Amino acid sequence: MSFGNRFFFVSLFLGTALTRFCNCNQVVLLDTTSVLGELGWKTYPINGWDAITEMDEHNRPIHTFQVCNVMEPNQNNWLRSNWISRQAAQKVYVELRFTLRDCNSIPWVSGTCKETFNLFYHETDEAHGVKFRPAQYTKIDTIAADESFTQMDLGDRILKLNTEVREVGPINRKGFYLAFQDIGACIALVSVRVYYKKCPFTLRNLASFPDTVPRVDSSSLVEVRGACVDHAEERDTPKLFCGADGDWLVPLGRCVCSVGYEEIDGSCVACRPGFYKAYAGNIKCSKCPPHSFSYGDASAICRCEKGFFRAEKDPPTMACTRPPSPPRNLIFNLNDTCLLLEWSPPSDTGGRRDLTYNVQCKRCGPEPDHCQLCEDELRFLPGPLGLTNATVTVLDFSAHANYTFEIESLNGVSDMSSFPRQVAIITVSTDQGGPSLVGTLKKDWASPNSIALSWQQPEQTTLPIIDYEVKYYEKEHELLSYSSTRTKAPSVIVSGLKPATWYVFSVRTRTAAGYSSYSPKYEYETTGDSSNMASDQGQVLVIVTAAVGGFTLLVILTLFLLITGRCQWYFKAKMTSEDKRRANYQNGHVPFPGIKTYVDPDTYEDPTQAVHEFTKEIDPSRIRIERVIGAGEFGEVCSGRLRTPGKKEIAVAIKTLKGGYVERQRRDFLREASIMGQFDHPNIIRLEGVVTKSRPVMIVVEYMENGSLDSFLRQHDGHFTVIQLVGMLRGIASGMKYLSDMGYVHRDLAARNILVNSNLVCKVSDFGLSRVLEDDPEAAYTTTGGKIPIRWTAPEAISYRKFSSASDAWSYGIVMWEVMSYGERPYWEMSNQDVILSIEEGYRLPAPMGCPVALHQLMLHCWQKERNHRPKFTDIVSFLDKLIRNPSSLLPLVEDIQSLPESPGEEMDYPMFISVGDWLDSIKMSQYKSNFMAAGYNTLDSVARMSIEDVRRIGVELIGHQRRIISSIQTLHLQLLHEHEKGFHV
5 MSFGNRFFFV
15 SLFLGTALTR
25 FCNCNQVVLL
35 DTTSVLGELG
45 WKTYPINGWD
55 AITEMDEHNR
65 PIHTFQVCNV
75 MEPNQNNWLR
85 SNWISRQAAQ
95 KVYVELRFTL
105 RDCNSIPWVS
115 GTCKETFNLF
125 YHETDEAHGV
135 KFRPAQYTKI
145 DTIAADESFT
155 QMDLGDRILK
165 LNTEVREVGP
175 INRKGFYLAF
185 QDIGACIALV
195 SVRVYYKKCP
205 FTLRNLASFP
215 DTVPRVDSSS
225 LVEVRGACVD
235 HAEERDTPKL
245 FCGADGDWLV
255 PLGRCVCSVG
265 YEEIDGSCVA
275 CRPGFYKAYA
285 GNIKCSKCPP
295 HSFSYGDASA
305 ICRCEKGFFR
315 AEKDPPTMAC
325 TRPPSPPRNL
335 IFNLNDTCLL
345 LEWSPPSDTG
355 GRRDLTYNVQ
365 CKRCGPEPDH
375 CQLCEDELRF
385 LPGPLGLTNA
395 TVTVLDFSAH
405 ANYTFEIESL
415 NGVSDMSSFP
425 RQVAIITVST
435 DQGGPSLVGT
445 LKKDWASPNS
455 IALSWQQPEQ
465 TTLPIIDYEV
475 KYYEKEHELL
485 SYSSTRTKAP
495 SVIVSGLKPA
505 TWYVFSVRTR
515 TAAGYSSYSP
525 KYEYETTGDS
535 SNMASDQGQV
545 LVIVTAAVGG
555 FTLLVILTLF
565 LLITGRCQWY
575 FKAKMTSEDK
585 RRANYQNGHV
595 PFPGIKTYVD
605 PDTYEDPTQA
615 VHEFTKEIDP
625 SRIRIERVIG
635 AGEFGEVCSG
645 RLRTPGKKEI
655 AVAIKTLKGG
665 YVERQRRDFL
675 REASIMGQFD
685 HPNIIRLEGV
695 VTKSRPVMIV
705 VEYMENGSLD
715 SFLRQHDGHF
725 TVIQLVGMLR
735 GIASGMKYLS
745 DMGYVHRDLA
755 ARNILVNSNL
765 VCKVSDFGLS
775 RVLEDDPEAA
785 YTTTGGKIPI
795 RWTAPEAISY
805 RKFSSASDAW
815 SYGIVMWEVM
825 SYGERPYWEM
835 SNQDVILSIE
845 EGYRLPAPMG
855 CPVALHQLML
865 HCWQKERNHR
875 PKFTDIVSFL
885 DKLIRNPSSL
895 LPLVEDIQSL
905 PESPGEEMDY
915 PMFISVGDWL
925 DSIKMSQYKS
935 NFMAAGYNTL
945 DSVARMSIED
955 VRRIGVELIG
965 HQRRIISSIQ
975 TLHLQLLHEH
985 EKGFHV
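Here it is, written out as structure tokens:
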């Protein structure tokens with residue numbers, strides 16, 4: 005034991021219960037805290053790591069491996085686990101819990117004590133007992149402690165466990181060993197847990213999905229098809245996607261409960277007695293309709309009670325019904341030509357509306373028992389069967405005969421009943437005395453349009469007369485049609501006749517026994533008196549004239565009101581527009597359409613109010629998800645189609661919020677939508693709407709076929725002309741100008757956040773890091789934390805977390821470099837820290853191969869350290885427009901200019917700087933003005949030709965200052981254009 009008591013950890017951990025937990029997303033391959041016996045791990049050399057096994061207060065073993073050879077130099081102590089089977093894992097996670105002592109708290113160990121140890125692994129297909137060979141093992145990582153302990157902690161018996169997790173994979177063999185190398189630390193390895201992640205068995209949309217191991221590639225998802233639960237059937241193929249973290253994503257399709265089963269808590273449960281479900285679907289069981297009942301479980305239909313029935317075409321949801329009762333109040337009317345039977349509907353229709361009637365006729369002799377069917381002898385109008393009206397006319401009956409008519413009521417279930425049908429019966433004798441005929445029909449007076457008639461009442465009537473019916477028709481049109489009128493008195497005035505026209509009249513009586521025969525026919529003529537006709541025509545003319553005049557006046561008044569109202573609406577609308585314009589001027593707003601001020605959703609007390617105000621809720625039934633195209637921070641991203649009533653179906657991208665989210669995640673997810681909803685520009689990604697009232701929560705945006713700009717450019721390296729690339733840059737700058745005009749800062753402008761559609765139109769997207777500017781256009785928003793994309797971020801934003809449109813301009817310069825290099829990584833493989841130091845010392849990205857001088861000048865202008873010197877997006881758009889209109893300005897390339905021969909006698913224009921002093925002021929090197937002047941470098945042309953040796957020779961000794969000056973000299977040198985390029989300014 006080279007340092008005190010090597011087992012000082014044991015007593016400290018005896019009273020410390022290690023937390024044991026279960027994560028259903030993890031499959032544990034090894035957990036030293038759950039091993040009851042000895043672990044049997046190997047140590048090399050033997051006197052290196054010590055294995056200590058003690059029991060905690062719950063009588064559970066604590067396996068601890070300790071080493072503390074800090075007094076001896078050049079330690080190389082190895083601890084190797086047993087062989088671990090990987091099972092189904094492709095990638096495993098190693099969780100280490102350990103304590104480590106601070107070397108500064110151990111006296112006399114300077115130079116020999118370490119505060120880290122190394123983790124290794126070795127893959128094999130089976131356990132082997134060969135000698136341990138460290139060279140076979142692959143290093144996973146160097147493990148350091150977040151918190152180390154001191155001698156004081158030992159005295160207070162307070163030790164905090166460090167927990168570190170490392171990924172190992174992909175693993176291809178059947179298993180592996182773990183190894184731990186100590187190089188001189190004082191450390192106790194308390195527990196080792198090895199596991200892999202899986203998407204656990206789950207039930208979604210009535211489908212079961214098995215345990216699924218995700219792919220090693222964290223950006224790809226595993227598609228899993230589900231199996232419907234018992235008593236369920238597929239409606240759409242159920243699918244889930246297994247993500248890298250063991251989370252199920254993007255539920256597609258569904259199963260529905262079969263007939264007789266309903267969904268309860270994710271399973272299909274049989275309908276209980278008294279309930280039924282006739283159709284497959286996610287609907288509940290229904291209570292049996294009236295007069296029916298189900299006596300068992302899982303009933304698809306309810307059986308009818310005794311005496312009640314359900315017709316073949318009746319739906320299962322319909323109540324059971326029964327046959328109707330017989331008709332009521334059956335009467336007849338008999339005359340010499342026809343017999344009319346009438347009745348009232350039955351008092352009980354059986355609960356149905358499909359009521360019909362059948363008529364059966366029997367002709368009986370002198371004895372009632374001798375009857376025979378007589379339907380063939382008689383004619384029934386409209387027929388004897390299937391009558392829908394409660395009346396029928398009987399023709400061709402014989403005189404001096406007795407007829408018995410039976411009327412039965414029927415409905416859709418009458419044929420299903422075994423009970424005898426009930427009928428209404430009436431007997432008619434054709435030789436019984438009917439109503440008497442009237443006497444002679446006389447004309448009392450006539451006019452061009454009317455005739456007055458009268459007649460004598462019958463002398464002998466067995467039944468009182470109810471009324472008289474007068475039938476008449478034009479004599480010339482006897483066979484075409486006739487009219488009739490009724491009267492209770494033995495006289496009538498028939499009006500509505502034609503002048504000087506002969507009419508034929510006849511009358512019959514009606515009693516309780518029916519109608520009598522018509523009287524003989526009488527012919528009378530209306531008069532043709534011209535005076536009367538004139539009088540009648542005059543009356544008609546007055547009426548017509550009055551009607552026409554009234555209608556004309558009504559039309560005039562209506563037109564007047566419409567015109568007046570329209571004019572008032574026009575003036576009102578015009579005044580409203582002027583008032584709005586005047587209000588815009590008074591409030592200091594520029595009165596141009598489309599210019600508005602951005603509203604930060606974080607300023608709302610209730611963030612959901614911003615979502616409701618700036619976004620449109622979409623009915624999820626209008627969205628059809630087709631496939632998963634990626635995974636985002638909050639969930640997966642899918643492509644699909646959106647149907648809008650009255651519009652053409654469009655392709656969309658759908659961002660979904662994965663299940664199990666907390667309210668903060670939902671708020672952050674929808675925050676981006678409330679930002680995008682305020683933008684309306686062809687170079688800003690368009691928000692179609694959101695789904696917030698159902699799950700999953702979704703953000704729906706326009707679909708950009710070519711994806712992100714950086715990957716698109718990498719896939720099509722060298723395929724575009726310079727003018728096409730400039731067009732892409734112009735679109736991005738236009739979108740950023742729109743954001744800047746709204747007082748808005750993006751903070752994460754990069755080619756990966758630019759989307760490209762099929763027409764190569766670039767649109768700014770991904771507003772997750774965006775922030776709003778204050779009213780002062782020079783103000784910057786200071787963040788409180790969060791990750792910053794170093795390679796794309798301006799120096800002041802990195803150092804002081806101050807963001808502005810000027811910092812977005814710096815990022816735009818990086819985007820220009822990405823575009824011109826076809827998606828190359830900015831600053832290549834330099835670390836973030838090296839990038840920060842290089843920029844601070846004046847280093848700027850060189851021009852990509854084939855980059856025009858004008859574009860690299862603009863990049864350098866965007867990368868000026870002083871943010872107030874960077875160009876505004878308005879200037880950038882204007883400059884790119886000039887390049888597009890004058891393509892010849894894009895011909896000079898940086899590599900060509902750098903190879904031009906020197907021209908000592910030629911003076912050049914430098915639009916950025918007027919003098920050498922101004923140039924030195926711009927790069928914060930004013931202290932060297934006298935050095936340049938004394939050495940004879942008094943023109944920008946002479947400065948542009950200086951080398952690093954020249955800079956050192958004039959007295960610039962600091963390396964950082966040398967780099968800054970040389971970098972700026974390179975910028976000046978790039979401005980050496982030919983004579984025809986003179987005057988072309990950034």
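Residue numbers for the sequence shown follow the numbering used here, so the first one is 5 and each next one is one higher.
Idealized CB from N, CA, C, for every residue including glycine.
For clarity, every value in this text was computed on a predicted model and none was experimentally measured.
Counting Cβ pairs, one atom from each stretch, are 3 or more of them under 8 Å apart for the stretch 185-198 and the stretch 206-213? The stretch 185-198 is not in contact with the stretch 206-213.
Can you tell me whether DSSP reads Met-5 as helix, strand or coil? If you number the sequence shown from 1, residue 5 lands on position 1. Residue placement at Met-5 is flagged as unreliable, the pLDDT there being 40, under the threshold of 50; the coordinate-derived value follows with that caveat. Of the three classes helix, strand and coil, the one that applies to Met-5 here is coil, per DSSP.
I'd like to check one pair, Val-641 with Ile-654: are the Cβ atoms closer than 8 Å? Taking the sequence shown and counting its residues from 1, the one referred to as residue 654 is at position 650. Taking the sequence shown and counting its residues from 1, the one referred to as residue 641 is at position 637. The answer is no: Cβ separation not under 8 Å.
At which residue ranges does the stretch 627-698 contain complete beta strand (DSSP E) runs of 3 or more residues, listed in the order of the chain? The stretch 627-698 contains these whole beta strand (DSSP E) runs: 627-635, 640-646, 654-660, 691-695.
Which residues DSSP lists as bridging Tyr-200, in chain order: What you label residue 200 is simply residue 196 of the sequence shown in a count that begins at 1. DSSP lists Val-31 as the bridge partner or partners of Tyr-200.
Quick check: the stretch 182-192 against the stretch 226-241, are there 3 or more CB pairs under 8 Å? No: fewer than three Cβ pairs fall under 8 Å.
Quick one: Cα of Glu-667 to Cα of Val-701, how far? Counting from 1 along the sequence shown, the entry for residue 667 is found at position 663. Counting from 1 along the sequence shown, the entry for residue 701 is found at position 697. Distance between the alpha carbons of Glu-667 and Val-701: 12 Å.
Which of helix, strand or coil does DSSP assign to Arg-105? As a first step, residue 105 is located in the sequence shown; it is residue number 101 there, counting from the start. Per DSSP, reduced to three states, the secondary structure at Arg-105 is strand.
In terms of residues, what are the limits of the beta strand (DSSP E) holding Lys-475? Translated into the one-based positions of the sequence shown, residue 475 becomes position 471. In this chain, the beta strand (DSSP E) harbouring Lys-475 covers 471-478.
Helix, strand or coil at Ile-144 according to DSSP, with G and I counted as helix: One-based indexing of the sequence shown puts residue 144 at position 140. Correct three-state label for Ile-144: strand.
Quick check: the stretch 375-382 against the stretch 309-324, are at least 3 beta-carbon pairs closer than 8 Å? No: fewer than three Cβ pairs fall under 8 Å.
On the criterion of 16 or more Cβ atoms from any shown chain inside 10 Å, does Leu-565 qualify as buried, or is it exposed? As a first step, residue 565 must be located in the sequence shown, where it is residue number 561. In this prediction, Leu-565 has a pLDDT of 47, which is less than 50 and means its spatial position is unreliable; nothing more can be read from the coordinates.
Local Cβ density within 10 Å of Asn-942, reported as buried at 16 or more and exposed below that: Position 938 of the sequence shown, counted from the first residue, corresponds to residue 942. With fewer than 16 Cβ atoms within 10 Å of its Cβ, Asn-942 is classed as exposed.
Roughly how many whole angstroms lie between the Cα atoms of Gln-364 and Gly-355? Within the sequence shown, residue 364 is the residue found at index 360, counting from 1. Within the sequence shown, residue 355 is the residue found at index 351, counting from 1. In this structure, the straight-line span from the alpha carbon of Gln-364 to that of Gly-355 is close to 25 Å.
Helix, strand or coil for Arg-956? Go by DSSP, reduced to three states. The residue labelled residue 956 in the question sits at position 952 within the sequence shown. In the structure shown, Arg-956 sits in a helix (DSSP, three-state: H, G or I).
Which residue from Ala-858, Gly-817, Glu-237 puts its Cα closest to that of Ala-737? For this step, residue 737 is matched to residue 733 along the sequence shown. Comparing Cα-Cα distances from Ala-737 to each of Ala-858, Gly-817, Glu-237, the minimum goes to Gly-817.
Identify which residue in Asn-337, Cys-261, Cys-342 has its Cα closest to the Cα of Ser-303. By 1-based counting over the sequence shown, the position of residue 303 is 299. Among Asn-337, Cys-261, Cys-342, the Cα nearest to that of Ser-303 belongs to Cys-261.
May I ask you to report which of helix, strand or coil DSSP gives Leu-414? Here residue 414 corresponds to residue number 410 of the sequence shown, with the count starting at 1. The answer is strand: DSSP assigns Leu-414 an E or B state.
Just the Cα atoms here: how many angstroms apart are Phe-102 and Phe-136? Within the sequence shown, residue 102 is the residue found at index 98, counting from 1. Within the sequence shown, residue 136 is the residue found at index 132, counting from 1. Each residue's Cα considered, the two are about 24 Å apart.
Just to check my reading of the structure: Gly-846 and Ser-971 have Cβ atoms closer than 8 Å, yes? What is that Cβ distance to the nearest angstrom? To locate residue 846, count along the sequence shown from 1; it is residue 842. To locate residue 971, count along the sequence shown from 1; it is residue 967. Indeed they touch by this definition, with Cβ atoms about 4 Å apart.
Going by DSSP, name the residue or residues bridged to Asn-993. Within the shown structure, residues of the chain are numbered from 5 to 990, placing residue 993 beyond reach of any answer.
Simplified DSSP assignment, three categories, for Thr-37: What you label residue 37 is simply residue 33 of the sequence shown in a count that begins at 1. Helix, per DSSP.
Along the chain, where does the beta strand (DSSP E) containing Cys-766 start, and where does it finish? Counted from its first residue, the sequence shown places residue 766 at position 762. 766-768 is the extent of the beta strand (DSSP E) around Cys-766.
Report back the beta-carbon spacing between Gly-264 and Cys-275 to the nearest angstrom; my notes put them in contact at under 8 Å. In the sequence shown, counting from the first residue as 1, residue 264 sits at position 260. In the sequence shown, counting from the first residue as 1, residue 275 sits at position 271. A Cβ-Cβ separation of about 6 Å places Gly-264 in contact with Cys-275 under the 8 Å criterion.
Enclosing alpha helix (DSSP H) for Gln-861 [first to last residue]: Position 857 of the sequence shown, counted from the start, is the residue given in the question as residue 861. Its alpha helix (DSSP H) spans residues 857-866.
Looking at C-alpha atoms only, which residue of Ser-329, Val-508, Val-511, Asn-122 is the closest neighbour of Tyr-141? As a position in the sequence shown, residue 141 is number 137, starting the count at 1. Among Ser-329, Val-508, Val-511, Asn-122, the Cα nearest to that of Tyr-141 is on Asn-122.
Which word fits Ser-825, buried or exposed, when buried means at least 16 other C-beta atoms lie within 10 angstroms of its C-beta? Your numbering for residue 825 matches position 821 in the sequence shown. Residue environment for Ser-825: buried (at least 16 other C-beta atoms within 10 angstroms of its C-beta).
In angstroms with no decimal places, state the Cα-to-Cα distance between Ser-451 and Lys-502. Within the sequence shown, residue 451 is the residue found at index 447, counting from 1. Within the sequence shown, residue 502 is the residue found at index 498, counting from 1. When rounded, the distance between both Cα atoms is 9 Å.
Please specify which runs of the beta strand (DSSP E), each continuous and at least 3 residues long, are wholly inside the stretch 216-274, giving them in chain order. Here the runs fully enclosed are 226-229, 236-246, 252-261, 265-268, 271-274.
Given a cut-off of 8 Å on the beta-carbon distance, is the pair Leu-894 and Val-726 in contact? The count along the sequence shown starts at 1 and reaches residue 894 at position 890. The count along the sequence shown starts at 1 and reaches residue 726 at position 722. Cβ atoms of Leu-894 and Val-726: closer than 8 Å.
Short check: CB of Ser-678 to CB of Phe-716, under 8 Å? As a first step, residue 678 must be located in the sequence shown, where it is residue number 674. As a first step, residue 716 must be located in the sequence shown, where it is residue number 712. No. Outside cutoff.
Helix, strand or coil for Gly-55 per DSSP? Residue mapping note: residue 55 aligns to position 51 of the sequence shown, counting from 1. The identity of residue 55 in the sequence shown is Ala, whereas the question assumes Gly. When DSSP states are grouped into helix, strand and coil, Ala-55 belongs to the strand group.
Does DSSP classify Thr-325 as helix, strand or coil? On the sequence shown, residue 325 is found 321 positions in, with the first residue counted as 1. DSSP, read as helix, strand or coil, puts Thr-325 in strand.
By Cβ distance, which residues of its chain are closer than 8 Å to Lys-933, with the 5 residues on each side in sequence left out? Numbered from its first residue, the sequence shown carries residue 933 at position 929. Correct list, in chain order: Val-920, Gly-921, Leu-924.
Assuming Val-233 and Ser-271 form a contact by the criterion Cβ under 8 Å, report the distance between their Cβ atoms to the nearest whole angstrom. Here residue 233 corresponds to residue number 229 of the sequence shown, with the count starting at 1. Here residue 271 corresponds to residue number 267 of the sequence shown, with the count starting at 1. Indeed, because the Cβ distance is near 6 Å, the residues count as touching under 8 Å.
Top-ranked residue by Cα proximity to Ile-455, from Val-498, Leu-441, Glu-478, Tyr-472: Taking the first residue of the sequence shown as position 1, residue 455 is located at position 451. The alpha carbon of Ile-455 has as its nearest neighbour, out of Val-498, Leu-441, Glu-478, Tyr-472, the alpha carbon of Val-498.
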